[in-house]
Every structure is written in C-alpha cells, then in structure tokens.
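Enquirer:
There are 2 protein chains.
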Amino acid sequence: MNRWFGGIEAGGTKFICLVGAGPNTIVEEIRIPTTTPVETIGRALKFFEPYARRGELAAVGIASFGPVDLNPSSSTYGCITTTPKPGWAGVDLRGQIHRALHLPVAFDTDVNAAAFGEHTWNPENHSLESLVYMTVGTGIGVGVIANGRPLHGLLHSEAGHMAVPHDINRDPFPGICPYHGDCLEGLACGPALARRWGCPAEALPAGHPAWELEGEYLAFGLANLVYTISPQRIVLGGGVAQHPDLHEIVRRQVQRILNGYLRSPLLLEKMDQYLVPPALGSRSGVLGAIAMARQVAERGG
Amino acid sequence: MNRWFGGIEAGGTKFICLVGAGPNTIVEEIRIPTTTPVETIGRALKFFEPYARRGELAAVGIASFGPVDLNPSSSTYGCITTTPKPGWAGVDLRGQIHRALHLPVAFDTDVNAAAFGEHTWNPENHSLESLVYMTVGTGIGVGVIANGRPLHGLLHSEAGHMAVPHDINRDPFPGICPYHGDCLEGLACGPALARRWGCPAEALPAGHPAWELEGEYLAFGLANLVYTISPQRIVLGGGVAQHPDLHEIVRRQVQRILNGYLRSPLLLEKMDQYLVPPALGSRSGVLGAIAMARQVAERGG
C-alpha cells in the first residue's frame, strides 16, 4: 500500500507519466502526445487512476513546462501562466491532478525537477549543496538546486533568456527569441541552430563550424551561471547536447572564458567531472517528479 | 554578559569593526586603514580584546574581501586566497581572530554578509527567500541569499565577472578586468568609469552620457541575475551607485532588457520596490557580520 509515487513530466510535445519509486523501481511508464489540455490531462489521469484507486500511490509530482506559478500562496499556484502554446495558458495543471486523484501533489518546473532528479538519484550529486541543470533543445531551460533545495525566488530561473556577448560582425544571425532576439536561447536553442545553418541540428555533422559557435554561446551562459550561482556541478542535457563533441567543446570554452579566475581544481583541471551529461538520460525530469512526490509524501502533504 | 557581538568588515582599503547587537544597538565602531595583515588585524584585535576579556562578546562575524575559502572542511577555510593585494594572499583571517579572542567566528564574503545584513535587519526583507546585493565601487561584487541562506556552492558568487553584451562599435572601451577585459566589472566598476571618461566617477555630472551607459551595463548584469537567480529583491549599493540618477536609469534599463518576458508585477510596475538602495547605507557589510555572529552564537559555535 502507498508504496509507489506518480511522476509526470509535462512537456510541450509530450507528457511522460511514470509509476514507481526511483530509477531502479519503475512499475509502468507511458508517453502521451501533448494535444489539448482536456485530452492530455485526461489520458494522464486514466493512467494513474487504477493505481490511486487501489491505494498504491502516496503522492504525485509534476515537472511542468512553463512559465508556471510556483508560489503556494498565490491564487494561480500550480498553473501554467503565459505559455504561447494554444489552450494551455492558465491551465490549473496541479489542481486538476490533485482533485481527480485525491493525493498530495508536488509541483515545479520541468528543469527544476530535472535538477532535483539528478541531485536525488545520482549518488555522486546527492551531498552537493548546489547543482545546475541546463537543457538545450527546443528552448534552453535551467533548473537550480541552491542550498540543497530547488530555487524558486520571485518566479523561477529563466536563465535560458540571459544576455550573452554576441559579435554580430562574426555571427550576423539576429537570434530567434520573440522577446529578446539574441539572448542565449535566441542564439543557441535547437530551432536557432536550424534557422542559422538551414538544416536541423541533428543533421549538422561533427566538425561543422556550427558546433564550435554553439559551444561558445552555451559556454558564455554556463560561465555566467558559474559566476552567479557557483554550482558544485553542472548537468548539461537535452537533444542538442547529445551531439558527441558538444560537451568537450563547451568544457574547453568555459575554461577559456573563465580564464583561470576561479581557483577551483574542478574548473581548472577536472572539467569532465564538473560539466557532465545527465545520469538519468532523458528521464531526469520525470524521475525528479518522483523524488518530489516522495518528499511531499514524507512531509505529510 | 555575552550580550554583544563583534562584526568586522574586512575591506581592501579599510576594516570596519563594530561591537553591538544590530543597527539600533551599536556600542562602539572604528575604522582602520588596511595596511599589512599584521598591523591591520592587530589593531582590530586590540579593539575587540577588552570586550572579549570582560566576557561581553558571544561571537564574531567577519565579512571579508576576497576571494576567500568558505568551505568549512577545507584546510584553508577562512583564508583569503588569491587576492592581488600585497601580503594578503593566504592570510588566515578567520583563524587569527578565532585563536586570539577564543570566540566562535562566522566567516563569509563582504557581499554575502551585506546581503545577509540587508535581509536580516530590514523588516521588509526578512521574510524573503531570496535577495541579491550588488555593490558597484572599486569592483563589482554580488552577494546572494537563496532559499533563505547565503549562497556558497563551489566557491561563492563572483557575478561581477559575468559576461555581458558589449557593442564595441558604440563603446570601443576595451574594459579593465585583468582576467576578462570587458566583463561587467571590467566595463562598469568605478575605475572603469574613470578610465573611460578621464575623470573620477564622482566628478561626472548628472546628465553626462556616462550614466546612461553605466546604467545599461549594470542592467544587463542585473537582468542576468533576475534570469538566473530570480531574487525577490535586489539591493544596489556601493559608491558609484550613490549617483542620484543611477537607480532610476538602471530600473528603466532592466525593464527594457527583460522586455515584459517575466510577468511579475514587481518587475512590470513596481521596480522602485524591487531594486532598492541599501537600507543600512554603508553598514550593510558590518551589520551583516553582526547578524552572522548572532547566528553562530545561537547555534552554539
């Protein structure tokens, strides 16, 4: 009884729903294409309801695309706020799951959940006070563990939108962010790569100059995260980051940008231990949601 | 007995030493020019020793210039590490104070202490989970409260050194940071202003184009802090920030850069409540050290 947790990674293209207790205890997992809120949330509920009815779930965690309202004292807590995704702005994702399943529900951004997943389930990370998770795909998202807990603050980290140096003489591409043009996401997310080079990121071969430039922009963003947040580890994931050379390029460029200013052996000599791919592969978010559910169950709701 | 705390703001040009219990309970305060470590620390100890001997001090807090080692399990914990300031690299500031006074000693960066001071002693800040303190003077320093506590992580925030957009066609000044050239500090600290415009910052009149440019660089840095850390309030202090127009310029430029992406009323409509001058004036650091001392005393050392 009550031995499993439900995890939902609510993404813009798909929902991953999982019942289990951690990476090594996955009972069942499904992937649902993200269509309308009614249909998508309906299918997610249908997946969890038998477990809930049998009393096998202690709590549910939701790792949501955003922006979302994370302020528990707000009237729109647990809602998706201003997404351009048709039909999803204002959807009370947390509330709908909570009311249908009658279970405690933990709620956070997909990237904070992924950071929490990597922090919780990778034994090498678990004792760290701080960790940054960056995903590079359709957008650039950043989740932060600071002082041992996911960082919320005023809203939540939106570090994909930070301003970075952009030499328009060398790279005249104006960027694609509708709000900022050439912010980090505008210059370096998957669709920006595709637009700049005229083919999808995954079709750009190793050795193509695209990857050196991509690595440089990501490195400016990551170096700024090192300077602002000073994480003890950075996990770099997402579809674009799966390119085989990208981690190595980013490590080298981060070191070039920091230029020896920060005297930590991890930054100076052991960058391969500092900037790492996700230990949980593509399941960082949903397994983070499981970890959030476990925490909310332990706290009693 | 044991009713006061000792606070030290160890700066590159002066040490401020204070005995008291908070902003409204200051027993005695002195300022010591920073010369050699032996002389400067000796004079600080001479100031505190009578109080310690009479058993009137419960603990001491140190807010230090840096970089410093904040890792309690490190062999160089409490030391100043790689400062270019002659004679000070490697000085065991915390250890010397601790051994001489036989008191618990809390230790942090000057800017984390200032953030903690503004967080602790300003009733409007005390319930906030997150706060950023930026000082713009000889350098640009940033202290961070995240999840209710000063942020350390791998080292500590060095957000003054973050990379920001620099349009060299519009502003050909190359920056003065010996490590990064045109990082935020390299472009916008007091000495950079003086070098670019050929006169000290305090001599640049209101309305001079220097201030609009200065405000823009600081705003890029602060917008990046909003994106990465999402603080609930920003305190902007330091000598350069005392220019009467600068806060207003920075507020306007931060809003221009964020461009409405973050839907918080504080950012959209109430920037004058979001980005504020230090409530403690020039005493944020030393009163932060007092707050740190109180905390370490309550924890029993």
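Going down the list, the protein sequences come from chains R and F. Here the numbering used here = 1-based position in the first sequence + 25. Here the numbering used here = 1-based position in the second sequence + 25. The beta-carbon is built from N, C-alpha and C at its ideal position, and this holds for glycine as well. Please read all numbers here as calculations on a predicted model, not as lab measurements.
Given ALA248 (chain R), which residues of its chain have a CB within under 6 Å of its CB, disregarding the five upstream and five downstream residues?
Expert: VAL279, ILE282 and LEU283
Enquirer: Keeping to the same chain, check which residues put their C-beta closer than 6 Å to that of LEU212 (chain R); ignore five residues upstream and five downstream.
Expert: GLY200 and TYR242
Enquirer: If you draw a straight line from the alpha carbon of GLY162 (chain F) to that of ALA318 (chain R), how long is it in whole angstroms?
Expert: 46 Å
Enquirer: Hey, does PHE72 (chain R) have any beta-carbon neighbour from chain F nearer than 8 Å?
Expert: Taking Cβ atoms only, chain F never reaches closer than 8 Å to PHE72 (chain R), which makes this a no.
Enquirer: I want to verify the contact list: residues of chain R whose CB lies under 9 Å from the CB of GLN257 (chain F), in sequence order.
Expert: GLY178 and LEU179
Enquirer: So VAL63 (chain F) is in the alpha helix (DSSP H); what residue range does that whole segment cover?
Expert: 62-78
Enquirer: Suppose you measure from the CA of PRO216 (chain R) to the CA of ALA226 (chain R); what does that come to, to the nearest Å?
Expert: 8 Å
Enquirer: By DSSP, does LEU300 (chain F) sit in helix, in strand, or in coil?
Expert: strand
Enquirer: VAL93 (chain R) to THR106 (chain F), Cα distance in whole Å?
Expert: 41 Å
Enquirer: From the DSSP secondary-structure annotation, give me the bridge partner or partners of ASP133 (chain F).
Expert: F:ALA88
Enquirer: 8 Å is my cut-off, CB to CB: does TYR102 (chain R) come that close to chain F?
Expert: no
Enquirer: For chain R, find out if any of its Cβ atoms is closer than 8 Å to the Cβ of PHE198 (chain F); answer yes or no.
Expert: no
Enquirer: With H, G and I counted as helix, E and B as strand and the rest as coil, what does DSSP make of GLY246 (chain R)?
Expert: It is helical.
Enquirer: Any idea if SER182 (chain F) is buried or exposed, counting beta-carbon neighbours within 10 angstroms, 16 or more meaning buried?
Expert: buried
Enquirer: In three-state DSSP terms, what is TRP29 (chain R)?
Expert: strand
Enquirer: Consider the Cβ of ALA184 (chain R): report whether some Cβ of chain F lies at a distance smaller than 8 Å.
Expert: yes
Enquirer: So, at 7 Å on beta carbons, what are the nonlocal neighbours of PHE150 (chain F) in its own chain, with the 5 sequence-adjacent residues on each side left out?
Expert: In the sequence as displayed, the identity of residue 150 (chain F) is Asn instead of Phe. Result list for ASN150 (chain F): GLU143, HIS144, LEU156 and ARG258, in chain order.
Enquirer: With H, G and I counted as helix, E and B as strand and the rest as coil, what does DSSP make of PHE141 (chain F)?
Expert: helix
Enquirer: Under the rule that 16 or more other beta-carbon atoms within 10 Å means buried, what is VAL63 (chain R), buried or exposed?
Expert: exposed
Enquirer: For a quick check, are the C-beta atoms of ILE87 (chain F) and ARG124 (chain F) less than 8 Å apart?
Expert: In terms of Cβ geometry, ILE87 (chain F) and ARG124 (chain F) do not form a close pair [threshold 8 Å].
Enquirer: Can you pull out the residues from the segment 276-299 of chain R whose beta carbon lies closer than 9 Å to at least one beta carbon of chain F?
Expert: Legend: CB atoms of the segment 276-299 of chain R lying less than 9 Å from CB atoms of chain F belong to residues ILE282, LEU283, ASN284, GLY285, TYR286, LEU287, ARG288, SER289, LEU291, LEU292 and TYR299.
Enquirer: Please tell me whether ASN137 (chain F) has its Cβ less than 8 Å away from any Cβ of chain R.
Expert: no
Enquirer: With 8 Å as the threshold, decide whether the Cβ of ALA213 (chain R) is near any Cβ in chain F.
Expert: Against chain F, the CB of ALA213 (chain R) has no partner CB under 8 Å away; the residue lies outside that interface.
Enquirer: May I ask you to list, following chain order, the residues of the segment 99-128 of chain F that have a beta carbon less than 9 Å from some beta carbon of chain R?
Expert: THR106 and THR107
Enquirer: Looking at the strands, I want to know which residues DSSP matches up with VAL44 (chain R).
Expert: R:GLY31 and R:GLU53
Enquirer: Taking the C-alpha atoms as reference points, what is the distance between PRO203 (chain F) and GLY91 (chain F)?
Expert: 16 Å
Enquirer: Measuring alpha carbon to alpha carbon, tell me which of R:VAL167, R:LEU128 and R:PHE73 ends up nearest ILE57 (chain R).
Expert: R:PHE73
Enquirer: Mind pulling the chain R residues with CB within less than 9 Å of VAL189 (chain F)?
Expert: ALA188, VAL189, PRO190 and ASN249
Enquirer: Applying the criterion that 16 or more other CB atoms from any shown protein chain within 10 Å of the CB defines a buried residue, is ILE193 (chain R) buried or exposed?
Expert: The residue is exposed, with fewer than 16 neighbouring Cβ atoms inside 10 Å.
Enquirer: Would you check if there are 3 or more beta carbon pairs closer than 8 Å linking the segment 110-119 of chain F to the segment 308-322 of chain F?
Expert: Result no; under three Cβ-Cβ pairs closer than 8 Å.
Enquirer: Against SER155 (chain F), what residues of chain R qualify as contacts under a CB-to-CB distance less than 9 Å, listed in chain order?
Expert: ALA171, LEU176, HIS177, GLY178 and LEU179
Enquirer: Under 8 Å between the Cβ atoms of GLU237 (chain F) and ILE274 (chain F)?
Expert: yes
Enquirer: Name the DSSP bridge partner or partners of CYS202 (chain R)?
Expert: R:GLY206
Enquirer: Using 8 Å for Cβ pairs, my map puts VAL130 (chain F) next to GLY166 (chain F). What's the rounded Cβ distance?
Expert: Rounded, the Cβ-Cβ distance is 21 Å, inconsistent with contact.
Enquirer: So with Cβ pairs under 8 Å, would you call TYR252 (chain R) a contact of chain F?
Expert: yes
Enquirer: Roughly how many angstroms separate the alpha carbons of LYS60 (chain F) and ASP270 (chain R), rounded to a whole number?
Expert: Checking the sequence shown, residue 60 (chain F) turns out to be Thr, not Lys. Approximately 50 Å between the Cα atoms of the pair.
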